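Peer 1: I'd like to ask some things about the structure below.
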Amino acid sequence: MSSWPFGTTADIGLRVFSSSPEGVLKEAVLGMQNILLSAAEFDLPWHHSQWNIGKDDWDRMLVKVLEETLYRAEIHNEWVVDISFMLGQQLHCQVAWVDASEVEREVEIKAITRHDLQVRELGAAEQISSPYSEVPDIIGPGWIGDVVFDI
């Protein structure tokens, strides 16, 4: 996985890296789910569904996907274990999930903030550093995403 959580004053942030913007969305969903878990291993049957999210810029779609992931876990008991995306007229999400009531959580995310939110492409040999020691320097080509969660 290519995601690195980092602590801020009262929140938890996440930087993700992938070869595509769709990969950034996937890494962000799985990285957020890992932040919430108290145990990373569980053996539950997988279910599958499709979500459709309105097409927008990548920053806004990242927030929408993460909000939908939290909503599905809290309201529909769907804990995402894998997700893939296809961008057309909408963002189509193919989702594999397990029963969220069977997943032990350690942290609760109240909201996805827009503070320091970004999804952007890194050019070849372009390097981005983070002020947080938990996050390594990343060198392009590729895509990065940063998001901060209110816990």
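Under my numbering, think of the first position of the sequence shown as 730, with each following residue one higher.
Heads up, the beta-carbon is just placed ideally off N, CA and C, and yes, glycines get one too.
These numbers were taken from a predicted model, which means no experiment stands behind them.
Grouping DSSP H, G and I as helix and E and B as strand, with all else coil, what is Gly871?
Peer 2: Counting from one through the sequence shown, the residue named residue 871 turns up at place 142. Gly871 falls in the strand class under three-state DSSP.
Peer 1: With a CB to CB cut of under 8 Å and the five nearest residues on each side skipped, what residues in its chain are close to Glu855?
Peer 2: In the sequence shown, counting from the first residue as 1, residue 855 sits at position 126. These residues qualify, in order along the chain: Ile868, Gly869, Pro870.
Peer 1: Any idea if Leu799 is buried or exposed, counting beta-carbon neighbours within 10 angstroms, 16 or more meaning buried?
Peer 2: On the sequence shown, residue 799 is found 70 positions in, with the first residue counted as 1. With 16 or more other Cβ atoms within 10 Å, it is buried.
Peer 1: With a threshold of 6 Å on Cβ separation, who are the neighbours of Lys755 within its own chain once the five nearest residues in sequence on each side are excluded?
Peer 2: Looking up residue 755 in the sequence shown gives position 26. Taken in chain order, the residues that qualify are Ile812.
Peer 1: Provide the residue span of the beta strand (DSSP E) that contains Ile812, from first to last.
Peer 2: Residue 812 sits at position 83 when you count from the first residue of the sequence shown. From DSSP, the beta strand (DSSP E) with Ile812 extends over 807-816.
Peer 1: Buried or exposed, going by whether 16 or more other CB atoms sit within 10 Å of the CB of Gly817?
Peer 2: What you label residue 817 is simply residue 88 of the sequence shown in a count that begins at 1. With fewer than 16 other Cβ atoms within 10 Å, it is exposed.
Peer 1: Grab me the residues of Asp866's own chain with a C-beta within less than 8 Å of its C-beta, minus the 5 sequence neighbours each way, in chain order.
Peer 2: Indexing the sequence shown from 1 puts residue 866 at position 137. Answer for Asp866: Gln856, Ile857, Ser858, Ser859, listed in chain order.
Peer 1: Where do the N-terminal and C-terminal ends of the beta strand (DSSP E) with Glu803 fall, by residue?
Peer 2: Along the sequence shown, one-based indexing puts residue 803 at 74. No beta strand (DSSP E) holds Glu803; the alpha helix (DSSP H) holding it covers 787-804.
Peer 1: Pick from Val827, Glu835, Ile880: whose alpha carbon is nearest that of Ser778?
Peer 2: Counting from 1 along the sequence shown, the entry for residue 778 is found at position 49. Closest option to Ser778, Cα to Cα, is Val827.
Peer 1: Are the segment 832-845 and the segment 746-755 touching by the rule of at least three beta carbon pairs closer than 8 Å?
Peer 2: no
Peer 1: Rounded to a whole number of angstroms, what is the C-alpha to C-alpha distance between Val832 and Cys822?
Peer 2: If you number the sequence shown from 1, residue 832 lands on position 103. If you number the sequence shown from 1, residue 822 lands on position 93. Rounded to whole angstroms, Val832 to Cys822 spans 22 Å at the Cα level.
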